[in-house]
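Remarks on the structure that follows.
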Amino acid sequence: MASHSTATDWQSKILKKEYQNWLAVGHALSLMCDGVRPYIEREMKVFHQALLANLATVPPCTCPRPPKHGCAWAAQLTRCHIGGKPNSPKWHQSDSSKWTDPNQGYWEVAKLFMSDLGPSKATVVDASTTDCTGLTNLMFWCCHFRVQVHLVKAVQETRNTKWGHAARQELTDGEKADALTAIRNLLQDRELDADNNAKAALAEIDLMEKDFDARSIERKVLADFQVTVCSQLDGIDGEMKDLKRNCRNESNEVQKKLSSLEICQTNELKLLQSIDDRMEEEKIRNISCAKQVSNLARWAFRRTKQFLVGNLRSLNTKSLAVWMVIMILMGCFRCLSHNSYNDGCPLEGGSVPFDTKEFNFTSYLNAARESFTGRFWLYNELESLVMKQDSAGGVVVVGEPGTGKSALSAQLICSRSSNSFIHKRIIGYHLCKYSDKATQDPGRFVRNLVDLMARGVPEYGVLVSNSSFILNILERSCLRDPYECFEQAVVAPLWQLKNDLQYYFIVIDALDECSSDDGGIAIVQFIEKTFKRLPKWIRLVMTSRNDSNVLKRFSNIPKMHLSSTDERNLQDIEIFIATKLFEDAPILERLKVMLGFISGEEISYLTNKLLSQSQGNFLFVKEMFHFWKDDWNNQVDFNQLPKTIGGIYESYLRRVYGSREKFKPALAVLEVMVAAFEPMQIDRLFQILKLQEKIDYEYDFVYALKGLSHFIRYREDNTITIFHLSFIEWLTSSVNLGNPYYVSRSHGHRRLAEHYLSVIKKAQNSSMDIYRLAQHVSFEEGDDNHLEEFENINASYINATIDRDNRTLLHLAAANSNRKILQILIPAFESIDCEDNYGFTPGFVAAMNGLTENVELLISKGADINHRTKPPPSPLLNDAVVLGDPIERAKTAFWNSSMMHAAASGGHIDVVQALLKRNASFRDVNGVNLTAIQLAAQNGHVKVVQVLYKRGAQVDHVSLQHAAAGGHTDVVKFLLKTGVVDTCMRCDGSFYWLANRVRYQTKLSFNSSDVVDYILSDDMYKILCQSALHLAVARNHTEVAKLLLSQEEKTVHCTDFTDRTPLHEAVRQNHVEMADVLIQSGARISQKCRLFQNLSFSDNRTMKECETKYDFLSISEEVEYNKDLCHCGSTPLLLAARYGHTEVGSLLLRYGAKAHDQDCQGATPLHVAACHGHYRFIRWLISQRPSLHVNSRSQNQSTPLHSGAICKINKAIKPLIDMGASIYDTDQYEMTPLHYSVLNAFENIDVVLGLSEIFNEPYVPKAVRNYRINR
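Going letter by letter, the sequence shown gives residues 1 to 1271 in UniProt numbering.
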């Protein structure tokens, strides 16, 4: 006796190969349409523009009876239709009055080439709202499209005949192959060959074939098919009505036609009903839990009442209750498949014209997404948080180990069912892996990020590939100087992209695993310093454990805590448990036997027991199910479940191996893997084990790996890693010492050291093998044999340079927190201060990375604490360093810097104190004329500032400016306490600080024989005459501004190079709160800009002219200097009008700003706003001050419409006319707005002329009339 349930029907149908083939073809058709829609949309607009141009001299179509069009437009469109009757243009479904509409006309024309749209014709307005049939008909019948017709025809036959009318929605393997070939052929047509969207569709189809998941795409395919069937039904219904209405005599021929249509209608209705039923079944598996219970209760009554009534006598009450509970529980979960429709990691595919790919994370992502469940609430919160304007560039998702942070990231990267808004805008990502040190290298991170972004943003890829300078940096400098590499290869190209204010995202998973304990520049530190340089439309989504060392570096970035006790988290785990129980039939059957399946409460008990034991930890539950799934021989005691994730690991290993003796083969494998610094090649792992073990590959080694299969992840490059950091932590924990399954890292390092020794004996000149040997020897405990053998290696192999930058192994060791490596390597070096090409010594590298023990060790061996790196490259060189931004470059290049400069800049207080104990110099300036204390202030390191100040370092206004610009409140507060005062800057254009020297940034091409005294100085604040308050206001550092305003000598009235006060600057930036603070501190809302420090000069300058002060700006600096000036007479309110800032404008009005203020040219806020096209501001200001009106006059009697017409930056004046602006008013020169439109390259003439004719205005200047006649 069996019950035939909906779930059973669904399962049997979805598992049928022929049905899966049908779904695959349907999905491929959908992907194809997504791929060609942008092309079709683009081409139809081109076609429509051509029609408008060709038919410009003829009137629009006004034919009263659409079926009998006879106008010129209809004649032209008929010629463009390649079919005759009955395939002539479908006049009845296109609104001819819209054919000439510049916005809607193109798709009204497109409808003429489609088959009958039925009632849906009103909703078909562009390519995105047109189905596959309509799109292929358009490409087939319209002569404008150059896609090969036979390829379109093949897809039409596939779509309409082979797929659309497939019996029972099933296709054979051969039919599927033919269909996919037809689709691919169309996408690969020469017309679409270079189209990125078509390429993406092809890639998606290839991905679908490789990793097909019928469940995840079924609903989408059925929904598309449902729309098509409904459309066909509408067409049949319309044809039947037309036939009955138009054919009054019911002849045999008419009756036959009606009968045929009724049969078609019946078949289509049956097909539609089957689709509806199928979708309802599928929907039951995906609706919210509360809704499912209600729906399933009704379903259970409707679908099973006959079964239950007929079998009441054979079922006892308890069994009946159990089956009812099971029926409901099976619907009460929602599990997202790890292959949701259109899923995948597309950024891993494709190709770019350069090779910087460092990682392939596909296997990691797929493993992390296994059985992904729920989290919709989390994704919604994430989107809300990351889109806030004040989210400081991103969000950090914080959670404890096992809470699902990596799964969250992987699903977000690879599945649009996570959060479609973020998912489709991800342009790069990175996964930090504790067991793979390469993923913790900032240089490799940057190179791989460039590769991913080039695949996701083709325009970015073009910029990179077209720059030999960037390619050279990616090739040569990334690993040595990731900061410069990031600046040139990531930041600079992204700023060049034109972005329409859309946000894009970079996902970085497991920051805590990237906070390297080996020293060097950790990715966490790297991200903190560099990502603030990205455009504001780039947002970061990062995950991390609750590690204070990580989170303190992102104090300004919002945190989203993934709490294990959150009720929504517990609900997700509960759904996951229910899903696993009913998805995995063997587990469920075993539970039924073990529990006796006496009552429904047993299942509920198990779920609650697991949920309670998990303490909100997803990994615990997943591992528990893995443990049960593989445990075929033992009974499970539900009262003795492991209490921790470590308990599960121990139970798993005990079941597989039992005794320590049987665990030994696996132990050897694990010892090596927990000690390795990178994923281990399987063959290399075997060779390492062979050195100490009698082991056979085919029996012992393979068997050992098989036993550990659950804990190992296999990657595409034939390497393996341990699946989760928590397993490594448990294996090697000192708490686990004495446990049969404890694994010693030290033993693993000994095995690896033995391996590298054997390699080096064969080829001693392998520098990186020597370094790896030193690393592993340094971790050995109680065994000096390997150290003695290391000392026997030829010193020339150890101290040789290792790359084109002339670095040595000592430089690498200096950046590693393990001091023992330095101790092992130093004896092979004659000089402890060996320099690379940039003048970096090992001591400098250690100081730069904040490794105090390494610094002290190197100093004790004779390192020069006052050693200087190399100065900036000569400005005579025509290279990108000189042509770019040398000040920004200097921040990571450390030109002419000492160890003190590097340590102070990085905030490494212990290194600074160690250097001070040895009397290191701290007053000298570096390559950009900044002292150590100024560098510390610039980077916000208040403790370093305090220590250096106490030692005697001078604090000054420069320190205050840099601290204020960076928003470092604590540094500003300390500097003010020491007596530093903010002052107005000297602003006479004299470049007083240069004396007789030439600014490095000017990059003048002197003859090599000329002796020129250059100076590179971080002096832009001096040039722009910005006080510390100006800088704080410009960057919206409100708390810093309040501190500066608390001084007795306030700088609230100081002006910069273009005579802007801090209030002007706050208004320009639309910083409302800041403006309020300034006004309350005495800022004058009526103050006007009057003066300008004019440094402009001709590009045609001679050598003699270079003696003037004007030659101290570079070309790019001059452009920036003159780009956004405060025009003479501008008050803060006039600036608000210029930029269209109503929010800060409202504040100014509240404080008494005059809406009639005029600048030096007599323009009012209305005129200024009109000039810049800010019509919203105009409407707002008139609503606030009713005395104003849209025809207000300026000093020269011009109206805002005059301003709008004459300003070339304004491209549209029609909104002003819509507001009632007069086109006839004249200014003092008797000029109307129309005159200025003519003078302004005719850009606004059509609007004004059109209105002139509407009102039969006889006054139209002759020049304008001639323009229109001759055009």
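Think of the CB as a built atom: it goes at the ideal place given N, C-alpha and C, for glycine as much as any other residue.
It should be emphasised that the depicted structure is a prediction, and the values quoted were computed from it without experimental measurement.
Paired residues, beta bridge with residue i - DSSP
{"i": "Tyr-838", "result": "BP columns for Tyr-838 are empty, so no partner."}
{"i": "Cys-142", "result": "His-81"}
{"i": "His-1167", "result": "Paired residues: none, contrary to the question."}
{"i": "Val-398", "result": "Ser-544, His-561"}
{"i": "Thr-719", "result": "Gln-681"}
{"i": "Asp-509", "result": "Leu-431"}
{"i": "Arg-713", "result": "Thr-721"}
C-alpha distance - residue i paired with residue j, whole-angstrom precision
{"i": "His-1037", "j": "Asp-436", "result": "40 Å"}
{"i": "Ser-1130", "j": "Lys-977", "result": "36 Å"}
{"i": "Cys-132", "j": "Phe-376", "result": "31 Å"}
{"i": "Phe-421", "j": "Gln-502", "result": "11 Å"}
{"i": "Phe-620", "j": "Ile-645", "result": "5 Å"}
{"i": "Asp-95", "j": "Glu-108", "result": "6 Å"}
{"i": "Arg-997", "j": "Gly-966", "result": "29 Å"}
{"i": "Leu-689", "j": "Asn-896", "result": "49 Å"}
{"i": "Thr-158", "j": "Phe-212", "result": "20 Å"}
{"i": "residue 1274", "j": "Gln-1197", "result": "Outside the displayed span of the chain (1 to 1271) sits residue 1274, for which this structure offers no information."}
{"i": "Gly-1204", "j": "Phe-145", "result": "41 Å"}
{"i": "Met-899", "j": "Val-491", "result": "28 Å"}
{"i": "Phe-991", "j": "Thr-1002", "result": "13 Å"}
{"i": "His-710", "j": "Val-672", "result": "17 Å"}
{"i": "Ala-904", "j": "Gly-952", "result": "15 Å"}
Same chain, Cβ closer than 6 Å to residue i, five either side skipped, listed in chain order
{"i": "Ala-198", "result": "Gly-35, Leu-187, Leu-192"}
{"i": "Val-1168", "result": "Leu-1134, Ala-1137, Arg-1138"}
{"i": "Tyr-483", "result": "Thr-892"}
{"i": "Ala-127", "result": "Arg-37, Ile-40, Glu-41"}
{"i": "Phe-677", "result": "Lys-437"}
{"i": "Leu-479", "result": "Gly-443"}
{"i": "His-968", "result": "Gly-940"}
C-beta contact flag for residue i and residue j at 8 Å
{"i": "residue 1317", "j": "Asp-1159", "result": "There is simply no residue 1317 to check, as the chain begins at 1 and stops at 1271 in what is shown."}
{"i": "Val-656", "j": "Ile-728", "result": "no"}
{"i": "His-908", "j": "Asn-926", "result": "no"}
{"i": "Phe-800", "j": "Ser-767", "result": "The question names Phe, but residue 800 in the sequence shown is Ala. The answer is yes: Cβ separation under 8 Å."}
{"i": "Ile-712", "j": "Phe-723", "result": "yes"}
{"i": "Ala-828", "j": "Ala-795", "result": "yes"}
{"i": "Gly-393", "j": "Lys-532", "result": "yes"}
{"i": "Asn-816", "j": "Pro-458", "result": "no"}
{"i": "Arg-750", "j": "Asp-784", "result": "no"}
Neighbourhood of residue i by C-beta distance below 7 Å, restricted to the same chain and skipping five residues each side
{"i": "Ser-564", "result": "Glu-400, Thr-403, Gln-615, Gly-616, Asn-617"}
{"i": "Val-524", "result": "Leu-511, Cys-514, Ser-515, Val-550, Arg-553"}
{"i": "Gln-1026", "result": "Met-985, Asp-1056"}
{"i": "Cys-143", "result": "Cys-80, Ile-82"}
{"i": "Leu-463", "result": "Pro-493, Gln-496"}
{"i": "Asp-572", "result": "Thr-373, Gly-374, Arg-375"}
The ligand HEM heavy atom lying under 7 Å from the CB of residue i
{"i": "Ile-793", "result": "Absence of the ligand HEM is noted for the structure shown, with no ligands found whatsoever."}
Beta-carbon proximity list for residue i, same chain, < 8 Å, skipping 5 on both sides
{"i": "Lys-16", "result": "Glu-170"}
{"i": "Val-947", "result": "Ile-909, Val-912, Gln-913, Leu-916"}
{"i": "Glu-623", "result": "Ile-645, Ile-648, Tyr-649, Tyr-652"}
{"i": "Ile-1085", "result": "Leu-1063, Ile-1079, Thr-1131, Pro-1132, Leu-1133, Leu-1148, Tyr-1151, Gly-1152, Ala-1153"}
Integer-rounded CB distance, given that residue j should sit under 8 Å from residue i
{"i": "Val-955", "j": "Val-980", "result": "5 Å"}
{"i": "Ile-527", "j": "Ile-508", "result": "7 Å"}
{"i": "Phe-140", "j": "Lys-153", "result": "7 Å"}
{"i": "Thr-100", "j": "Pro-89", "result": "Not confirmed; about 16 Å, so no contact."}
{"i": "Val-743", "j": "Leu-858", "result": "Between Leu-858 and Val-743 the Cβ distance is about 34 Å, and since that is not below 8 Å, they are no contact."}
{"i": "Gln-156", "j": "Asp-189", "result": "So it is not a contact: roughly 14 Å between Cβ atoms."}
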